[in-house]
Amino acid sequence: MWVRLVICLGVFCKVTNSDIFPSLLTTNASIAIVIDRNYVVEEYEPIKSKIEDYLVYAKREILKHGGVNTHLFAWSAINLKRDLTFLLSITSCTETWKLFESADTESLLHIAISEQDCPRLPQHSAITIPIIDRGQDTPQLLLDLRTVGIYKWKQVVIIYDNTITNDLLTRVIKSMTKQVNRIDASGVSLVQLAKKVSTTRDVIIANLRTELSKIDPRIMGNNFLVIVSYELAATIMKCAKELNMVNTQTQWLYVISDTNSSTKSMNRFKTFLNEGDNIAFIYNTTDVKNVCLGGTICHTEESITGLMKALDSAIMEEFQMASQISEEEWEAIRPTKNERRKYLLRKNSEYLSDYGTCDNCT
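Sequence positions in the sequence shown follow mature numbering (1 follows the signal peptide of the UniProt record, and there is no 0) and run -18 to -1, 1 to 344.
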């Protein structure tokens, strides 16, 4: 049950800031939708038209109880009013974070649709949806892992082969080195594994041992990010073992760059793992045979659906609680704005996790 704190001193009562936020039983919820024209450029009118049409449908078919007022903006420099409930934004990473800071001050639930390689907003108060081209998500994954503290590397050796493009490699390096939320950047060393079509396996292994032998942990660190093909990964694991580069002091993260749903089992790598080894894998399970829907419009409509369902659930829950007590008691215990944000965030996240299909290509 939601509980709100009211502090009374003598005849003076001080109510928390969120107490002035109206109940969903007496006032419609309000959603601000920012479609940044400077970000979407020529796609502005089509996106705006699609959103307006979908809002009509969502209000009629999804939101069964209560109502919602919508406000559309063509720029990101807006004043987020205290009576707003949601903020849905489509803008650049920089503007997304500026909007979040304002939304967080007002305890608004912020769903941000933004560009790739954008650090995610805090998960306890917002949802971030980066729009990423299919097959180009490795830098975002690495950035996400770093942002939430899965790895805390001051230095990292990136070992890569020709299965990764120069553009993708540049983005990977940026994801490791950019300053994010007071998280220190990592120092990066690069080791490129050249492979010619005519090269024999023995030559590949010999070249690999030579390259790995050049790595001095005292200078380059004990953390390794390996972005290579499925076949080469096993060879690297074997050579690293033979060179005593795998132990309790080192960390290895393998990104298998050429996998999909038809790739053979990853169990082959278990033979190279011993107790105490710090080794993890990221690999792709994309179903290349099926059509995968995604993009800005898909995620926007899916987010609106989740918001409407969460709002409908909140209205019903507040109605059930209020109907069992007096009006004075309800005013004393009804949810604060921050409590409502947490509830709506949880419900919306559950919907996207259970029913989300946009860019879900597995």
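Glycine included, each C-beta is placed from N, C-alpha and C at the ideal position.
Review point. Going by DSSP, what residues sit across from tryptophan 57 in a beta bridge?
Key: For tryptophan 57, which the question treats as bridged, DSSP gives no partner whatsoever.
Review point. Measuring CB to CB, does asparagine 10 end up less than 8 Å from valine 50?
Key: yes
Practice item. Quick one: residues in its chain with C-beta nearer than 6 Å to the C-beta of serine 96, no 5 flanking neighbours on either side, listed in chain order? Key: Cys75, Thr78 and Pro112
Point to revise | Buried or exposed by the 16-neighbour rule on C-beta atoms within 10 Å, applied to threonine 287 | key: buried
Review point. By Cβ distance, which residues of its chain are closer than 8 Å to lysine 80, with the 5 residues on each side in sequence left out?
Key: Ser58
Check your understanding: Where do the ends of the beta strand (DSSP E) carrying isoleucine 17 lie?
Key -> 11 to 17
Practice item. Taking the CB atoms as reference points, tell me whether glutamate 300 and arginine 323 lie closer together than 8 Å. Key: no
Review point. Considering only residues of the same chain and omitting the five flanking positions on each side of glutamine 122, which have a CB-CB separation below 7 Å?
Key: Gln98, Asp99, Pro112 and Ile114
Practice item. Determine, using beta-carbon pairs with one atom in the stretch 246 to 263 and one in the stretch 58 to 68, whether at least three such pairs fall under 8 Å. Key: no
Exercise for review: Whole angstroms is fine: what's the gap from phenylalanine 68's alpha carbon to leucine 7's?
Suggested key: 17 Å
Point to revise | Opposing strand residues paired with glutamate 97 [DSSP bridges] | key: Ile113
Exercise for review: Using three-state DSSP, classify tryptophan 135 as helix, strand or coil.
Suggested key: coil
Exercise for review: Please report the residue range of the alpha helix (DSSP H) in which glycine 288 lies.
Suggested key: 278 to 304
Review point. Serine 71 lies in the alpha helix (DSSP H); which residues open and close that run?
Key: No alpha helix (DSSP H) contains serine 71, which is instead part of the beta strand (DSSP E) from 68 to 72.
Practice item. Can you grab the Cα-Cα spacing for the pair leucine 150 / tyrosine 265, in whole Å? Key: 16 Å
Point to revise | Inter-residue CB distance, valine 154 and leucine 124 (contact presumed, cutoff 8 Å) | key: 6 Å
Practice item. Using the Cα positions of glutamine 233 and lysine 329, report the straight-line distance between them to the nearest angstrom. Key: 36 Å
Check your understanding: In angstroms, rounded to a whole number, what distance separates the CA positions of tyrosine 26 and aspartate 18?
Key -> 8 Å
Review point. If we count Cβ pairs, one from each stretch, closer than 8 Å, do we get three or more for the stretch 138 to 145 versus the stretch 195 to 207?
Key: yes
Review point. Going straight from the alpha carbon of alanine 40 to that of tyrosine 333, what length do you get?
Key: 15 Å
Check your understanding: Under the three-state reduction of DSSP, which class applies to glutamine 122: helix, strand or coil?
Key -> helix
Practice item. Have a look at Met298, Trp312, Ala292 and Gln302 and flag the residue whose alpha-carbon is nearest the alpha-carbon of leucine 91. Key: Ala292
Practice item. List in chain order: all unbroken alpha helix (DSSP H) runs of 4+ residues lying wholly within the stretch 143 to 171. Key: 148 to 159
Exercise for review: Compare the beta carbon distance of aspartate 86 and arginine 102 with 8 Å and say whether it is the shorter of the two.
Suggested key: no
Check your understanding: Quick one: is valine -8 buried, meaning 16 or more other Cβ sit within 10 Å of its Cβ, or exposed?
Key -> With a pLDDT of 36 at valine -8, under the threshold of 50, the modelled position of that residue is not reliable, and the figure given next carries that caveat. Counting Cβ neighbours within 10 Å, valine -8 comes out exposed, since fewer than 16 surround it.
Review point. By Cβ distance, which residues of its chain are closer than 7 Å to serine 168, with the 5 residues on each side in sequence left out?
Key: Trp135, Lys136, Gln137, Val138, Met158 and Thr159
Practice item. Could you have a look at isoleucine 186 and say whether DSSP puts it in helix, strand or coil? Key: helix
Check your understanding: At which residues does the alpha helix (DSSP H) containing residue 350 begin and terminate?
Key -> Not covered by the structure: residue 350. The range shown for the chain is -18 to 344.
Exercise for review: Determine the extent of the beta strand (DSSP E) in which isoleucine 307 is found, giving its start and end residues.
Suggested key: No beta strand (DSSP E) contains isoleucine 307, which DSSP labels as neither H nor E.
Review point. Within 10 angstroms of its Cβ, does glutamate 24 collect 16 or more other Cβ (buried), or is it exposed?
Key: exposed
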